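A short write-up of the structure that comes next.
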Amino acid sequence: MAKKRDKTKGFQVIGDVLRDFSWDEKKYISREFQDFGYRLAEELNDLERKALYIKLAKELPRPMLEKARNFVKDASNVENPAKLFMWKLTELRKKWPEKKKEKVIYEAK
Numbered sequence: 041m042a043k044k045r046d047k048t049k050g051f052q053v054i055g056d057v058l059r060d061f062s063w064d065e066k067k068y069i070s071r072e073f074q075d076f077g078y079r080l081a082e083e084l085n086d087l088e089r090k091a092l093y094i095k096l097a098k099e100l101p102r103p104m105l106e107k108a109r110n111f112v113k114d115a116s117n118v119e120n121p122a123k124l125f126m127w128k129l130t131e132l133r134k135k136w137p138e139k140k141k142e143k144v145i146y147e148a149k
């Protein structure tokens, strides 16, 4: 008579797999600005628009983003921290001195 094989050998219970899965793992983040943008979106409770914050972290100066972030952190009883952050960022962008890009032209002698 043939022995019955244990069909569950090498498998785990689905509940154990789901419990051990890291749901908060930051997927596809390979650069520092991506991590900063993602953490900013988490802090502002606006993960729906995390791509926007990653883009801002890539294109805008970090001190500008930090000032707007600290402004939101210092404010109390804010209903929508993301909205306040974007407002402050707009104000800072108006006042921020823009670096002039100078083209260097080399002349042949």
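Be aware that the sequence shown starts at 41, since it is given in the working numbering, and climbs by one per residue.
Glycine included, each C-beta is placed from N, C-alpha and C at the ideal position.
Fair warning: this is a prediction, and the values are worked out from it, not measured in the lab.
- At least 7 Å separates the beta-carbon of Ala122 from that of Leu80.
- Note on Tyr68: under 16 other CB atoms within 10 angstroms of its CB, so exposed under the neighbour-count rule.
- A straight-line Cα-Cα distance of about 11 Å links Asp86 and Phe125.
- Buried is the label assigned to Ile94, since at least 16 other Cβ atoms lie within 10 Å of its Cβ.
- For Glu131, the enclosing alpha helix (DSSP H) begins and ends at Pro121 to Lys135.
- Distance between Leu58 and Leu92, taken at the CA atoms: about 30 Å.
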